[in-house]
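In the UniProt record's numbering, the protein residues as written are 1 to 208.
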């Protein structure tokens with residue numbers, strides 16, 4: 001199956017891999033001024049450029065709980081982008097978005113609408129796209145903070161996902177940016193066998 005669109009992820013995690021506290025709270029992302037100096041800085045280039053990633057997207061895929069958190073923000077974070085909310089809750093509706101009940105439905109919508117870049121938001125949806133080989137570029141920004149508990153970014157992924165590092169860097173705030181090309185997933189049953197590889201029945205877009 002030919003896929004003419006790229007799946008893009010740009011997400012922030014704690015050092016121990018959490019994207020939110022157990023209750024979904026992300027206020028810690030906005031409260032990082034602890035008076036700590038981080039003397040090492042290596043310009044992250046494209047790895048830290050969220051605007052570059054966002055410019056290359058036509059649509060955003062997000063979970064219902066993550067979407068509902070957006071209502072607490074002072075401004076709509078996705079101006080000019082189509083938003084697809086993945087949810088199985090039949091009662092959910094919102095005039096600002098398209099509702100999809102499954103990943104297959106999302107993929108069909110992307111093809112029908114001719115999107116070329118799709119930004120995947122929220123940890124659960126990122127995991128689903130990774131497992132299906134539908135993420136092409138992944139940027140993870142690590143905040144210098146250990147939460148100890150919370151919602152994990154990659155917890156529960158049911159396959160190995162090889163990555164190729166494209167760019168990395170650090171900032172004065174102590175953030176570490178890493179941008180990866182995401183390679184085809186490998187089922188856990190095959191991951192130990194280097195002579196076997198698993199490639200989804202998809203032609204993947206090229207990542208520079």
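Where is the CB? At the ideal position from N, CA and C, for every residue including glycine.
Note that the coordinates shown come from a computational prediction; the quantities given were computed from them, not determined experimentally.
- Residue 39 has no beta-bridge partner at all, per DSSP.
- Proximity of the segment 74-81 to the segment 132-139 falls short of the contact definition, fewer than three beta-carbon pairs being nearer than 8 Å.
- Non-local C-beta neighbours of residue 118 in its own chain, meaning closer than 8 Å and more than five positions away in sequence, comprise 5, 6, 7, 8, 57, 58, 59, 60, 61, 110, ordered along the chain.
- Where residue 125 is concerned, the enclosing alpha helix (DSSP H) starts and stops at 123-131.
- Going by beta carbons, residue 19 and residue 120 fall outside the 8 Å limit.
- Residue 141 sits away from residue 40, with the two beta carbons spaced by 8 Å or more.
- Here DSSP, grouped into helix, strand and coil, assigns residue 69 to helix.
- Secondary structure at residue 92: coil, using DSSP grouped into helix, strand and coil.
- The continuous beta strand (DSSP E) containing residue 165 extends over residues 163-170.
- Proximity to residue 3 across 114, 155, 148, 156 peaks at 114, based on C-alpha coordinates.
- Nearest to residue 187 by C-alpha distance, out of 37, 130, 170, is 130.
- 149 is the residue among 53, 48, 149 whose C-alpha sits nearest the C-alpha of residue 25.
- Here DSSP, grouped into helix, strand and coil, assigns residue 8 to strand.
- Counting along the chain, residue 104 sits inside the alpha helix (DSSP H) bounded by residues 103-113.
- In this chain, the alpha helix (DSSP H) harbouring residue 51 covers 50-55.
- Note that the C-beta distance between residue 161 and residue 182 is below 8 Å.
- Residues of the same chain with a CB within less than 8 Å of the CB of residue 170, apart from the 5 flanking positions on each side, are 38, 40, 41, 42, 44, 176, 177 in chain order.
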